[in-house]
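Letter by letter, the sequence shown follows residues 935 to 1096 in our numbering.
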Amino acid sequence: MSKHVYLRNFIFGVEDSLVSTVGLLSGVAIAGVASRTILLTGVVLIFVEAFSMAVGSFLSEHSVDTYLKQGETEFRLPMIGGVIMFFSYFVSGFIPLGPYLLTEPQTAFWWSIGLSLAALIVLGMIGGRLSSTKLFRGGFRMALVGGIAIALGVIVGKLIGH
935 MSKHVYLRNF IFGVEDSLVS TVGLLSGVAI AGVASRTILL TGVVLIFVEA FSMAVGSFLS
995 EHSVDTYLKQ GETEFRLPMI GGVIMFFSYF VSGFIPLGPY LLTEPQTAFW WSIGLSLAAL
1055 IVLGMIGGRL SSTKLFRGGF RMALVGGIAI ALGVIVGKLI GH
């Protein structure tokens, strides 16, 4: 397993964590639930999804390695990819959740969205830099995906929450 797989796991973990966490938290917050419910929802999501993504990364990389080698593969290399996926998802999930830990939901809602979109732009620019594409194109693409997830979360939260 080469370094590009580790980079892919890192970028995928951060992107998925930011997009799914901010989308979920935005929808739950706009529905008007209690702050404690928002926090509980966010923490459960981060733990469960970080684990799920790590296991998915490990199993898929292990399967690919085994298929390519037509035999047994090293357990350690896919495990590293899974660990990278877990920690990138886990740590990044606290970017959108952090504001809800520090302030009331109405203010945290906007801070969570802003910080998540900013982090997605930076992540997209890093990905663009590493892949020799235009920095702002990568940043814009990531922010667009995040914006769509936020909009979906808000729409569903508004429709079902009230």
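Just so it is clear, CB atoms sit at the ideal spot from N, CA and C, and this is done for glycine as well.
Fair warning: this is a prediction, and the values are worked out from it, not measured in the lab.
Hey, residue i and residue j: beta-carbon distance below 8 Å or not?
| i | j | result |
| --- | --- | --- |
| residue 952 | residue 1080 | yes |
| residue 971 | residue 962 | yes |
| residue 1018 | residue 947 | yes |
| residue 984 | residue 1020 | yes |
| residue 1050 | residue 1029 | yes |
| residue 1093 | residue 1076 | no |
| residue 992 | residue 1016 | yes |
| residue 945 | residue 1057 | yes |
| residue 979 | residue 1035 | no |
| residue 966 | residue 1087 | no |
| residue 1083 | residue 977 | no |
With hydrogens ignored, establish whether the beta-carbon of residue i is closer than 7 Å to any heavy atom of the ligand NAP.
| i | result |
| --- | --- |
| residue 969 | Ligands displayed in this structure: none; no statement on the ligand NAP is therefore possible. |
Along the alpha helix (DSSP H) that carries residue i, what are the first and last residues, could you check?
| i | result |
| --- | --- |
| residue 965 | From DSSP, residue 965 is part of no alpha helix (DSSP H); its letter is neither H nor E. |
Using 8 Å for Cβ pairs, my map puts residue i next to residue j. What's the rounded Cβ distance?
| i | j | result |
| --- | --- | --- |
| residue 940 | residue 1014 | 7 Å |
| residue 960 | residue 1039 | Rounded, the Cβ-Cβ distance is 10 Å, inconsistent with contact. |
Minimum length 4: unbroken alpha helix (DSSP H) runs contained in the segment 1027 to 1087: 1039 to 1064
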